[in-house]
Every structure is written in structure tokens, then in C-alpha cells.
Amino acid sequence: MARPFRRTPGGYTASFEPAERDLIRELAEDVRALLRPADTTADGGTVDPLEALVGITENPTIPADSAVARLLPAASSDDEAATEYRRYTERDLRETKRANLAMLAFDIESSDLRLNEEHARAWAAALGDIRLVLADRLYIVDEDTAEDIAAFTDPSEIETQEEYMAVVYNFVSWVQDSLMLAMLDGLDDEETTGGVFGGAIDGANGQENEQE
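So the sequence shown is numbered by our numbering: it starts at 1 and just counts up by one.
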């Protein structure tokens, strides 16, 4: 049985059964594959190497896969502005997300899972992307559908493919939530001891008080 993340002096630790590690790795690899940059332009031509080098996506379009569209949403309701923004940012965003997912897939192979701050942040982002894809496949669009899916937590009661996916979604959500809580616990400790984050927060609070 999986054990949730907790903060330790050596980093964020958690433990998973082999089958759970395999599941998380496969999910990360599947989502990473969805985010693979196209090697051709929208009109079928080859991407200019210079454009790829500087991170430009020529003639970008909204992804046809609704899950990928969730991962790479439009930045503006104005179509022209959204297209221009996507042109300059989409390739880098894809690669950042793919790097986070690759890090997760590599880390989860270890039976003694221990994440430093950098890896914890990558995990949190990658798990969020996995959840977005699963939510799209499960047609989670509002609180009502989310509550319906949340009811599926027992693998022994699975009868359909959708129910299996719901259990997986809830498991991934639990893993991400436990990591986020552990990271927030770390921030609370930093604030209490006057660490880097605590000092920054205190300074920001002081500025707000002065403005009031």
C-alpha cells in the first residue's frame, strides 16, 4: 500500500508498491508522448531548425486532442493574440512539461523515493498534468462530475474501464495532494524559523501593513 509524502531532513519521502510505481511511470510516459512537439508545420512542411532552436512554433493551432488542449490552453480570448502567444511559447511549454514528466518517470523507479525541492516541484507539476489528461478522458467539467468520479476509490469494485480510470484519477490526486501538503508543511517550517521563505513572507506582509 502506498504511503503519502512527508517532509524529512533529507527531502520529501514516500513509498509505493511495485504495481503503483509502474502505473505512475506509465501515466507519465503516456502524457509525455501526448506533448511531443510535432516535427512538421500545420501545412505539412518541415519545421525550420532555427525556429525549433529558438522555440518558435510556426502557424500554431489549438491542439486537436482535447486533453492536450487542456495542457496547452489559449492565453487569451482574442484568437489573434492567443495564436501569437502560442507561437512563441508553446514549444518551450511542451518541453518544460515533458521534462517534468521525464523526471517523475525516472524518480519513481526507485523503491526508496526521496525528492529534493527541485524534483518535488517537478513532480507536483507533472502530477497536475496527468490529472488534467485523466479529467479530460473522464469528462470532468464541473463540481458535480468531479464528485461522481470521487466516489470510485476501491479497485476491487471496478466493473468498467471508466471506473478503472476514475480509481486511477483519484489515486493520482491523492499522491499529488500528499506531496503538496508536505511542501506546504515545509513552507510553514521556514516561516516559523525565519528561513528564506519566511523572511520573504514577513517582508511582504510588512509592506501590506504599511500600505494599510
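Every residue, glycine too, gets a C-beta built ideally from N, C-alpha and C.
- The criterion of a C-beta distance shorter than 8 Å is satisfied by residue 37 and residue 91.
- Spanning the alpha carbons of residue 81 and residue 65 requires a straight line of approximately 21 Å.
- Note that the C-beta distance between residue 138 and residue 31 is not below 8 Å.
- Contact check for residue 114 and residue 176: beta-carbon distance about 17 Å, past the 8 Å limit, so the pair fails to qualify.
- Residue 115 sits in a strand when the DSSP states are folded into three classes.
- In the DSSP assignment, residue 15 falls within the beta strand (DSSP E) that extends over 11 to 15.
- The beta carbon of residue 68 sits closer than 6 Å to those of 34, all from its chain and outside the five residues before and after it, given in chain order.
- Beta bridge pairing from DSSP links residue 153 with no other residue.
- With distances taken between CA atoms, residue 21 lies nearest to 112 out of 83, 96, 112.
- Within the DSSP secondary-structure output, residue 8 pairs in a beta bridge with 11.
- When DSSP states are grouped into helix, strand and coil, residue 21 belongs to the helix group.
- Between residue 133 and residue 172, the alpha-carbon positions lie close to 11 Å from each other.
- CA-to-CA, the gap between residue 16 and residue 84 works out to about 43 Å.
- Collapsing the DSSP output to three states places residue 91 in a helix.
- Rounded to whole angstroms, the separation of the alpha carbons of residue 157 and residue 122 is 33 Å.
- Under DSSP, residue 3 takes part in a beta bridge, and its partners are 15.
- One thing to note: residue 72 has its Cβ no nearer than 8 Å to the Cβ of residue 168.
- The continuous alpha helix (DSSP H) containing residue 68 extends over residues 66 to 71.
- DSSP places residue 35 in the coil class of the three-state scheme, outside both helix and strand.
- A distance below 7 Å between beta-carbons, with the five flanking residues on each side excluded, links residue 120 to the following residues of its chain, in chain order: 12, 179, 183.
- Rounded to the nearest angstrom, the Cβ distance from residue 149 to residue 166 is 5 Å, consistent with a contact under 8 Å.
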